[in-house]
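Add 7 to a position in the sequence shown, counting from 1, and you land on the number used in our numbering.
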Amino acid sequence: RANHTITQMLQQCVNSTQKDWVSKLLAIEFALNCAWSETTRYAPFMLNTGHIPRSMI
8 RANHTITQML
18 QQCVNSTQKD
28 WVSKLLAIEF
38 ALNCAWSETT
48 RYAPFMLNTG
58 HIPRSMI
């Protein structure tokens, strides 16, 4: 499931030459770790650190 989500996110943010995908991975990882899980009702970052991170923006 996570691989599918990562693939979709890369498809949305990588340029047409598909050469900049590595530079997008940090932001994608951050987004996934901050996303709330329907199962746990917590974000992975919250479970790991006990708090919600500031946005990268």
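From the three backbone atoms N, C-alpha and C, an ideal C-beta is built for every residue, glycine too.
Query, Result
"Note down the Cα distance separating Thr-46 from Thr-24, rounded to an integer number of angstroms.", "37 angstroms"
"Suppose the cutoff is 6 angstroms on Cβ atoms and the five residues either side in sequence are ignored; what does the same chain contact list for Leu-32 look like?", "none"
"Considering Glu-36, what are the terminal residues of the alpha helix (DSSP H) in which it resides?", "28 to 41"
"Pull up the CB-CB distance for Cys-42 and Ala-50, whole angstroms please, since I reckon it's below 8 angstroms.", "The question names Cys, yet the displayed sequence has Ala at residue 42. Right, their Cβ atoms sit about 6 angstroms apart."
"My guess is that Leu-54 and Thr-12 are in contact by the Cβ rule of under 8 angstroms, so how many angstroms apart are they, rounded?", "That belief does not hold up - the Cβ atoms of Leu-54 and Thr-12 are roughly 18 angstroms apart, past 8 angstroms."
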